[in-house]
Amino acid sequence: MDPSRITLRNFEPIDVDDVMAWAVDDQVTRFTRWNTLTTKEETLTFIKEVCIPNPCHRCICIDNRSIGIILVQPGSDEGRYKADVAYAVGKKHWGQGIGTTAVKMAVSSALKEFPDLVRFQGFVDVENKASQRVLEKAGFTQEGLLKKCLFGKGRFWDLYVYSYLPSELKLL
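Read the sequence shown against the numbering used here and you will find it ends at 163, with the numbers running on by one and no gaps.
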């Protein structure tokens, strides 16, 4: 995939059909904290009530068409020096380096917007090997395993925690 075709931007209501192409897929949402969307109305509500009000939720685009979501969410108060990173990419775009490129772009953008950030962290299900590889290729380091640290979708999740510390590493 030519990285110049990949962009990050805010979501818009007009993205609803493109978002449906990936957000209705159980394989895409398997490791997300939100449930698979099932209807156009539900998808539009997700865009309008979750994505648009939160500018940290960015649309991953190829040729300006939504193929996924990424967020870099800075903390507040004592946590304002770190940001959580999460993402999902449509299945037909897996294995093309798009997730890695999007993570690098989002972290770079966040560093410009929030210059006090000293830590980026991602939490990845132990079964999600592809997402682990995305973070590793983006320059993140696996720090440890958090057992049963999250309950969602009817089960406890064991998560690896990954970090990227700009002061110690260069974004690849």
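Ideal placement from N, C-alpha and C gives every residue a C-beta, glycine not left out. Remember, it's a predicted structure, so these values are computed and weren't measured experimentally.
- Query: With contact counted as at least three CB pairs below 8 Å, one residue from each stretch, are the stretch 4 to 11 and the stretch 56 to 64 in contact?
  - Reply: Put simply, the stretch 4 to 11 touches the stretch 56 to 64. At least three CB pairs are less than 8 Å apart.
- Anyone know if the C-beta pair for V98 and F111 falls short of 8 Å? Locating residue 98 in the sequence shown gives position 107, where the first residue counts as 1. Locating residue 111 in the sequence shown gives position 120, where the first residue counts as 1. Yes, they are a contact pair.
- Does the pairing of the stretch 61 to 78 with the stretch 10 to 19 give three or more beta-carbon distances under 8 Å? No: the two stretches stay apart, fewer than three of their Cβ pairs being nearer than 8 Å.
- Query: Between R0 and the rest of its own chain, which residues show a CB-CB distance below 7 Å, the 5 nearest in sequence each way excluded?
  - Reply: Here residue 0 is taken as the residue at index 9 of the sequence shown, counted from 1. Counting only Cβ-Cβ distances below 7 Å, and skipping sequence neighbours, we find R49, C50, C52.
- Task: Within its chain, find whatever has a CB closer than 8 Å to the CB of F37; leave out the 5 residues flanking it on each side and keep chain order.
- Result: Along the sequence shown, one-based indexing puts residue 37 at 46. Shown here for F37: same chain residues with a beta carbon closer than 8 Å to its own, the five before and five after excluded, namely V10, A14, W25, L28 in chain order.
- CB of V117 within 8 Å of CB of T91, strictly: Looking up residue 117 in the sequence shown gives position 126. Looking up residue 91 in the sequence shown gives position 100. By the CB criterion at 8 Å, V117 and T91 fall outside the cutoff.
- Message: Going by the DSSP bridge assignment, what does R148 pair with across the sheet?
- Response: Taking the first residue of the sequence shown as 1, we reach residue 148 at position 157. Just to set this straight, residue 148 is Trp in the shown sequence, not Arg. For W148, which the question treats as bridged, DSSP gives the partners L141.
- Message: Rounding to the nearest angstrom, what Cα-Cα distance links P106 and E134 in this structure?
- Response: Numbered from its first residue, the sequence shown carries residue 106 at position 115. Numbered from its first residue, the sequence shown carries residue 134 at position 143. When rounded, the separation of the alpha-carbon atoms in P106 and E134 is 23 Å.
- Message: Per DSSP, what are the beta-bridge partners of N1 in this structure?
- Response: In the sequence shown, counting from the first residue as 1, residue 1 sits at position 10. DSSP lists R49 as partners of N1.
- Below 8 Å between beta carbons: does that hold for F2 and C47? Position 11 of the sequence shown holds residue 2. Position 56 of the sequence shown holds residue 47. In this structure, C47 does not lie closer than 8 Å to F2 by Cβ.
- Compare the beta carbon distance of I(-3) and I89 with 8 Å and say whether it is the shorter of the two. Within the sequence shown, the letter at position 6 stands for residue -3. Within the sequence shown, the letter at position 98 stands for residue 89. Contact annotation: I(-3) and I89 have beta-carbon atoms nearer than 8 Å.
- Task: Leaving aside the five residues before and after L102 along the sequence, list all residues of the same chain whose C-beta is less than 8 Å from its C-beta, in chain order.
- Result: What you label residue 102 is simply residue 111 of the sequence shown in a count that begins at 1. Same-chain partners within the cutoff: L108, P157.
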